[in-house]
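Asks: In the numbering used here, the protein residues as written are -15 to 350.
Note that beta-carbon positions come from the ideal geometry of N, C-alpha and C, so glycine has one too.
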Amino acid sequence: MLQPPLGIDKFELDTPILCIDLDVLESNIRRMAGFMRERGKAWRPHEKCHKTPAIAHRQLAAGAIGVTCAKVSEAEVMAAAGVRDILIANMVVGEPKLERVAALCREADLIVACDHFAQVEPLSAVCRRRGVTCRVIIEVNIGLDRVGIAPGRDTLELARAIDRLEGVELAGIMGYEGHLLRVEDLGEKRRRIVEAMNVLVHCRDALRESGLNCDIVSAGGTGSYQITADCEGITELQAGGGIFADPMYQLQCGVTGLDYALTVLTTVVSRPTLERAILDAGRKTLNPDHQMPLVKDQPDAVPVRFSAEHGELRLGPRAQDLKIGDKLELIVGYADFTTVLHDEFYGFRQNRLDVVWPILGRGKIQ
Ligand SMILES: Cc1ncc(COP(=O)(O)O)c(C=O)c1O
């Protein structure tokens, strides 16, 4: 596809495309970085919402210490683009991936998460063979009940076992309070997050009392960081999605102080009835799971249904003048599931095309 000329008006572009308001993105990045800085926390944003080195570099320039990735292949993309400090906040299992991790350790300062000796022992063997050392971080189950070793004795025993291995170096512990993002009552949310973070802090204390290293205590997502950042003992926060500040975070998790930055530009392709408009953006363009999109500047048009290639709006009286061929923007409900459907981000300032960024981490699922 030929790249459109820079400077072109957004609404002259063919659709659907994934659009970033660059001024808003930069302001969200600044605000998140400032928020962490003011509270004495390091920022290691999860990059799963953008998977794009150009955006990671903006986060680093604003003060992030590195990035968090979910997959080895995402870390490879970031390392190839010059990002040094990379946490793979996920379990890495199997010889082919471990070989890639060892190779990556020559290019980047990697940290790999684990919650069992059966992940760390083979990592240690590969790293020893390759003559590198990989940092590891123990993921503790702080209530999410996804991955994560039980806090207390199990965590301490795993830390001791890691400490005895060569080729790996214990860097600390992490936990993700993903089960608390949507607790409605803010007081209750704060109380439960503090409780979850105290689990991590107790683990840290136990490790240190046994003479084990626990420099890093990592936690936090966008849906919780405004509370988690107040918790003593947590050294760094992984909140990433706030750079787009999707409706999911603002409407479901009570996140404040950030603005919507990510939209899909779409065209009305059919007007079957006065109350219905059909868009050229279905689930293969915009994933509405977790949170329906919003129509930008059109509160009377409400997205109600998405099939593979069609999006349906229900139109109130003030939106019924929409015509076939009209373009409108859908504010993406939750970026993670939509970014991965696109090859590029189109970045705009004042609705003029400023940059096109390839989403280099797209398809990187191994
Ligand atoms: C390990 C981990 N850390 C942090 C996050 C938070 O990411 P975000 O801030 O993009 O919501 C997630 C989200 O799923 C996660 O799995």
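(1) Check this for me: beta carbons of residue 316 and residue 249, under 8 Å apart or not?
(2) Am I right that residue 228 and residue 266 are in contact with their C-beta atoms under 8 Å? What's the rounded C-beta distance?
(3) Give a single yes or no on whether residue 225 has its beta carbon closer than 7 Å to a heavy atom of ligand 1.
(4) Is residue 187 near ligand 3, with its Cβ less than 7 Å from a heavy atom?
(5) Rounded to the nearest angstrom, what separates residue 97 and residue 152 at their Cα positions?
(6) Taking only the alpha-carbon atoms, compute the straight-line gap between residue 55 and residue 302 and give it to the nearest angstrom.
(7) Heavy atom of ligand 1 less than 7 Å from the Cβ of residue 238, yes or no?
(8) Where does residue -10 land, buried or exposed, given buried means 16+ other C-beta within 10 angstroms?
(9) Any heavy atom of ligand 1 closer than 7 Å to the CB of residue 222?
(10) Using three-state DSSP, classify residue 6 as helix, strand or coil.
(11) CB-CB under 7 Å to residue 13, same chain, minus the five flanking residues each way: which ones, in chain order?
(12) Quick check: residue 345 and residue 91, are their CB atoms within less than 8 Å of each other?
(13) Give the DSSP-derived three-state secondary structure of residue 74 in the structure shown.
(14) Can you give me the Cβ contacts of residue 160 inside the same chain, cut-off strictly under 6 Å, excluding the 5 residues immediately before and after it?
(15) So is the beta-carbon of residue 17 under 7 Å away from any non-hydrogen atom of ligand 1?
(16) Taking only three categories from DSSP, how would you classify residue 244?
(17) Let me confirm a value: residue 271 is counted as buried when at least 16 other C-beta atoms fall within 10 Å, else exposed. Which label applies?
(18) Specify whether the segment 114 to 121 and the segment 72 to 90 touch according to this definition: at least 3 beta carbon pairs, one from each stretch, less than 8 Å apart.
(19) For residue 31 versus residue 217, is the C-beta distance shorter than 8 Å?
(20) Around the C-beta of residue 277, are 16 or more other C-beta atoms found within 10 angstroms, so that it is buried, or is it exposed?
(21) Which runs of the alpha helix (DSSP H), 4 residues or longer, sit entirely within the segment 83 to 139?
(22) Using a Cβ-Cβ cut-off of 6 Å (strictly less than) and excluding sequence neighbours within five positions of residue 306, which residues of its own chain qualify?
(23) With which residues is residue 158 paired in a DSSP beta bridge?
(24) Put residue -7 into one of helix, strand or coil per three-state DSSP.
(25) Looking at the secondary structure, which residues open and close the alpha helix (DSSP H) in which residue 59 lies?
(26) What's the call for residue 121, buried or exposed, on a 16-neighbour Cβ count within 10 Å?
(27) Note down, in chain order, each residue of its chain lying with its Cβ closer than 6 Å to the Cβ of residue 340, except the 5 sequence neighbours on either side.
(28) Quick one: what does DSSP say residue 212 is sitting in, helix, strand or coil?
(29) By the three-class DSSP mapping on this structure, what secondary structure does residue 267 have?
(30) Applying the 10 Å Cβ sphere with the 16-neighbour rule, what's the burial state of residue 292?
(31) Once the 5 residues before and after residue 145 are set aside, which same chain residues still bring their CB inside 7 Å of it?
(32) Using 10 angstroms around the beta-carbon of residue 125, count the other beta-carbons present and answer buried if the total reaches 16, otherwise exposed.
(33) So does residue 160 have its beta carbon nearer than 7 Å to some heavy atom of ligand 1?
(34) Measuring CB atoms only, is the segment 200 to 217 touching the segment 231 to 246, in the sense that at least three cross pairs come out at less than 8 Å?
Replies: Looking at the atomic coordinates:
(1) For the purposes of this step, residue 316 is taken as residue 332 along the sequence shown, with counting starting at 1. For the purposes of this step, residue 249 is taken as residue 265 along the sequence shown, with counting starting at 1. No, these two residues do not count as a Cβ contact at 8 Å.
(2) Reading the sequence shown from its first residue, position 244 is the one you call residue 228. Reading the sequence shown from its first residue, position 282 is the one you call residue 266. In fact, because the Cβ distance is near 21 Å, the residues do not count as touching under 8 Å.
(3) In the sequence shown, residue 225 corresponds to position 241, counting from 1. Under cutoff, so the answer is yes.
(4) For the structure depicted, ligand 3 is absent and the ligand set comprises only ligand 1.
(5) Here the question's residue 97 lines up with position 113 in the sequence shown. Here the question's residue 152 lines up with position 168 in the sequence shown. Residue 97 and residue 152: Cα-Cα distance of roughly 12 Å.
(6) As a position in the sequence shown, residue 55 is number 71, starting the count at 1. As a position in the sequence shown, residue 302 is number 318, starting the count at 1. The alpha-carbon atoms of residue 55 and residue 302 are separated by roughly 45 Å.
(7) To locate residue 238, count along the sequence shown from 1; it is residue 254. Checking the Cβ of residue 238 against ligand 1 gives no.
(8) Locating residue -10 in the sequence shown gives position 6, where the first residue counts as 1. That one is exposed.
(9) Locating residue 222 in the sequence shown gives position 238, where the first residue counts as 1. At least one heavy atom of ligand 1 is nearer than 7 Å to the Cβ of residue 222, so yes.
(10) Here the question's residue 6 lines up with position 22 in the sequence shown. Helix, per DSSP.
(11) Reading the sequence shown from its first residue, position 29 is the one you call residue 13. For residue 13, where only same-chain residues beyond five positions count, the Cβ hits under 7 Å are 42, 43, 46, 227.
(12) Position 361 of the sequence shown, counting from 1, holds the residue named residue 345. Position 107 of the sequence shown, counting from 1, holds the residue named residue 91. No, these two residues do not count as a Cβ contact at 8 Å.
(13) For the purposes of this step, residue 74 is taken as the residue at position 90 of the sequence shown. Three-state result, residue 74: strand.
(14) In the sequence shown, the residue the question calls residue 160 occupies position 176. The answer, listed in chain order, is 128.
(15) Locating residue 17 in the sequence shown gives position 33, where the first residue counts as 1. False, no ligand heavy atom lies under 7 Å from that Cβ.
(16) Along the sequence shown, one-based indexing puts residue 244 at 260. DSSP places residue 244 in coil when its eight states are reduced to three.
(17) In the sequence shown, residue 271 corresponds to position 287, counting from 1. Buried: at least 16 other Cβ atoms inside 10 Å.
(18) yes
(19) Sequence index remark: in the sequence shown, residue 31 carries index 47 (1-based). Sequence index remark: in the sequence shown, residue 217 carries index 233 (1-based). No.
(20) Here the question's residue 277 lines up with position 293 in the sequence shown. Buried, by the Cβ-count rule.
(21) 101 to 114
(22) In the sequence shown, residue 306 corresponds to position 322, counting from 1. Closer than 6 Å at the Cβ level, and outside the excluded window around residue 306, lie 252, 261.
(23) In the sequence shown, the residue the question calls residue 158 occupies position 174. In DSSP, residue 158 forms a bridge with 123, 202.
(24) What you label residue -7 is simply residue 9 of the sequence shown in a count that begins at 1. Reduced to three states, the DSSP call for residue -7 is strand.
(25) For the purposes of this step, residue 59 is taken as residue 75 along the sequence shown, with counting starting at 1. Element bounds for residue 59: 56 to 64.
(26) Along the sequence shown, one-based indexing puts residue 121 at 137. By the neighbour-count rule (16 or more Cβ atoms within 10 Å), residue 121 is buried.
(27) Residue 340 sits at position 356 when you count from the first residue of the sequence shown. -13, 328, 330, listed in sequence order.
(28) For the purposes of this step, residue 212 is taken as residue 228 along the sequence shown, with counting starting at 1. If DSSP states are grouped into helix, strand and coil, residue 212 belongs with the helices.
(29) Stepping through the sequence shown from its first residue, residue 267 is reached at position 283. Three-state result, residue 267: coil.
(30) The count along the sequence shown starts at 1 and reaches residue 292 at position 308. Its Cβ having fewer than 16 others within 10 Å, residue 292 is exposed.
(31) On the sequence shown, residue 145 is found 161 positions in, with the first residue counted as 1. Hits under 7 Å: 101.
(32) In the sequence shown, residue 125 corresponds to position 141, counting from 1. By the neighbour-count rule (16 or more Cβ atoms within 10 Å), residue 125 is buried.
(33) As a working note, residue 160 is residue 176 in the sequence shown. Result yes, Cβ under 7 Å from ligand 1.
(34) yes
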